[in-house]
Amino acid sequence: ENTLEGRFWRAPGYHGISVAQDLHRLELDPDVNEETWTLFLMGPKEKNWGFIDKDGTWIPHQIYLEERKNNSR
């Protein structure tokens with residue numbers, strides 16, 4: 072898991088709690104060919120989710136996913 076605080080290994084069975092303001096990115100080991108599951112439980116909605124691009128700009132998920140879809144054609 073990549074966060075603003077650094078890069079952390081999360082072992083199978085790991086569970087953690089994040090709040091809406093926590094930014095993170097999950098990264099899978101390309102040398103491990105195993106199925107991966109993430110269980111996500113959410114509380115009351117606080118804001119829309121999205122992505123941060125390489126320049127550090129926040130992009131709402133609908134725009135990011137649509138641009139990614141259009142660029143893959």
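The numbering of the sequence shown is our numbering, which starts it at 72 and goes up by one.
Every residue gets a Cβ at the ideal spot worked out from N, C-alpha and C, and that includes glycine.
* Quick one, are the C-beta atoms of LEU97 and LEU75 less than 8 Å apart? -> Taking the first residue of the sequence shown as 1, we reach residue 97 at position 26. Taking the first residue of the sequence shown as 1, we reach residue 75 at position 4. No.
* To do: Please go through the same chain and pick out, in chain order, the residues whose beta-carbon is closer than 7 Å to the beta-carbon of ILE130, but skip the five residues on each side of it.
  => The residue given as residue 130 occupies position 59 in the sequence shown. So the qualifying residues of the chain are GLY121, PHE122, ASP124.
* Residue from GLU72, LEU136, THR128 with nearest C-alpha to ALA82 -> Within the sequence shown, residue 82 is the residue found at index 11, counting from 1. Closest option to ALA82, Cα to Cα, is GLU72.
* Asked: With C-beta atoms as the reference, is THR109 less than 8 Å away from LEU99?
  -> Here the question's residue 109 lines up with position 38 in the sequence shown. Here the question's residue 99 lines up with position 28 in the sequence shown. Cβ atoms of THR109 and LEU99: not closer than 8 Å.
* From which residue to which residue does the beta strand (DSSP E) around ILE88 run? -> For the purposes of this step, residue 88 is identified with residue 17 of the sequence shown, where counting begins at 1. ILE88 -> no beta strand (DSSP E), and no H or E assigned at all.
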